[in-house]
Amino acid sequence: MKTGKVIIGANYGDEGKGLFTDYFASQAPEDSLVIRFNGGAQAGHTVVSPDGRRHVFSHFGSGTLLGVPTFLSKFFIVNPLIFVKEYAELAQVSETPPEITIDPNAFLTTPFDMFINQTIEKQRAGKRHGSCGLGINETVTRSLRSPQYRLKSCDVLNSTGLRRRLHELKDSWFKDRLIELKLDPMEEGIQKFVNNTDRIIEEYIKDTQTLIDLATISDRIPPVRQVLFEGAQGLMLDEDRIDQFPHVTRSKTGLTNVLHLAPQFGIEKLCVTYVSRTYLTRHGAGPLEGESDWTLPDSTNIPNQFQGTLRFAPLSLPALEQNIEYDLHRAKNTELDISADLAMTCADQVPVPDTRRMFLTLKHVSFGPTRSSVCQALSSSMR
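Per numbering that gives the first Met the number 0, the sequence shown starts with residue 0, numbered consecutively.
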């Protein structure tokens, strides 16, 4: 029975999904593949190798420093600008050229999506939704509401057609969207962007051509022994979490997409690891129960104009368990064989809570930022 390993963040993101993807990939680096099954460029999965190399992964799977290839599924949102930038950064720390395949049906983010996303978030001021400013919501909105303006990864293969469609998007969708969102087209920042759109489009086309040189556009994956499904964001940010709206992401952050992809790749069994820090964090606007004034080290989630500073709170085990139960409930009617366990990170900062009454087992604990700091839990409580 072919098995897939799934790594899912159990809270608001930033739980340590990159660390555990790297850890599991290290068990069979020459016979593994990382599949990104949701999200897009807003992901920030930090991997620190035992030899000190560090990278924050966005498009590429967190097994890349081990030479493990990446597959961006049809549920991933590709941003050519961020992709090219990240590839260049990876070239400085990766021992081998990153290998990546992109599903032809993966949505493409455009500069127009990013601009609208950033502009509307700034205007929300104290009522911000918690956007990263990378155009995720706008990409999904445009692609689902107006299929004629939907762009997919396969469209980068025809630069002439892509250029034409980008100009059509600029002249129609972009203008209409500004009006819909009550954004003044005569505002200085918007005018400056509009006056530079021809140059912006050409730079975007250039990035897509670089992407073609660096990636393979295909819906096929190589025959490997270990398939790792690496999730992005966390269960509390899932677009279906109405109780968290509007502070959610336009993505299904739990098992939903994996349940669609697994049969496509001949996978019959899923072993799911839900990841949490030993405390709770949230980087962006929205409720955070029990929020404290803790100051804990985090070199990835730096303050920015869209998300602000990283926020902290004690971890609620009942809430954690509820999040996981809700996600597993979605898989109750699947024919896939599914098992689940728990992993915790940052045990060097805050002690591991007593998980003995939880319905799933704590199997792995990390006491530092590298895979060498991960150990198997000796019991359900490691206080």
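Heads up, the beta-carbon is just placed ideally off N, CA and C, and yes, glycines get one too. Only a predicted model underlies this, so the values are computations on that prediction, with no experimental measurement involved.
Of the residues the options, the one placed nearest residue i, counting alpha carbons only
i, options, result
"F106", "V139, V5, V83", "V139"
"I216", "I6, G43, V77", "V77"
"E186", "I119, I200, G62, H166", "I119"
"H259", "R310, R240, N332, H58", "N332"
"N136", "P28, R249, Q122", "R249"
"Q265", "D292, F74, V223, Q41", "Inspection of the sequence shows that residue 265 is occupied by Gly rather than by Gln. Comparing Cα positions, the closest option is V223."
"L327", "S291, P286, C270", "C270"
"T109", "A87, Y86, P79", "P79"
"V67", "E94, H246, A24, D242", "A24"
"S93", "Y278, W293, A330, L65", "L65"
"R35", "D102, G51, E201", "D102"
"P368", "P49, A214, L133", "P49"
"L165", "R176, T196, E238, K191", "T196"
"Q91", "G51, Q117, M113", "G51"
"S145", "P221, C345, R176, L133", "R176"
"L227", "A42, T209, K268, Q208", "K268"
"Y11", "L89, T354, V47, F244", "F244"
Extent of the continuous alpha helix (DSSP H) run through residue i
i, result
"R149", "No alpha helix (DSSP H) holds R149; DSSP gives it neither H nor E."
"K191", "187-194"
"V257", "255-263"
Close Cβ partners of residue i (< 7 Å) along its chain, the five nearest in sequence each way excluded
i, result
"A9", "G233, L234, Y273, V274, S275, L319, N322, I323"
"A27", "R224, Q225"
"D347", "F366, G367"
"W293", "F311"
C-beta contact flag for residue i and residue j at 7 Å
i, j, result
"T100", "E229", "no"
"G3", "A284", "no"
"R162", "I204", "yes"
"F82", "H58", "yes"
"V364", "V351", "yes"
"I337", "L32", "no"
"Y86", "V373", "no"
First and last residue of the uninterrupted beta strand (DSSP E) at residue i
i, result
"Y11", "From DSSP, Y11 is part of no beta strand (DSSP E); its letter is neither H nor E."
"K84", "Here K84 belongs to no beta strand (DSSP E); instead the alpha helix (DSSP H) covers 79-90."
"L71", "69-71"
"L165", "Not the beta strand (DSSP E): L165 falls in the alpha helix (DSSP H), residues 158-167."
Residues of its chain near residue i, where Cβ-Cβ distance is below 8 Å and the 5 sequence neighbours each way are ignored
i, result
"K16", "I6, I7, G8, H44, S61, E229, G230, A231, V274"
"P402", "Nothing can be reported for residue 402: it is not among the residues displayed for the chain, which extend from 0 to 382."
"K362", "T272, D340, L341, A342, Q375, A376"
"G384", "The chain is shown from 0 up to 382; residue 384 falls before or after that span and cannot be answered."
Cβ neighbours of residue i in the same chain (closer than 6 Å, five flanking residues each side left out)
i, result
"T360", "D340"
"Y148", "R141, L168, W172"
"L150", "L107"
"R240", "V247"
"E98", "P68"
"D112", "G134, E137, T138"
"M357", "E320"
"A40", "S57, N78, I81, L133"
Closer than 7 Å to chain C by CB, residue i
i, result
"L143", "No chain C is part of this structure, which consists of one protein chain only."
*Inter-stretch contact (C-beta, 8 Å, three-pair minimum) for the stretch 170-190 and the stretch 224-244*: no
*Any 3 or more C-beta pairs closer than 8 Å across the stretch 255-274 and the stretch 153-171*: Result no; under three Cβ-Cβ pairs closer than 8 Å.
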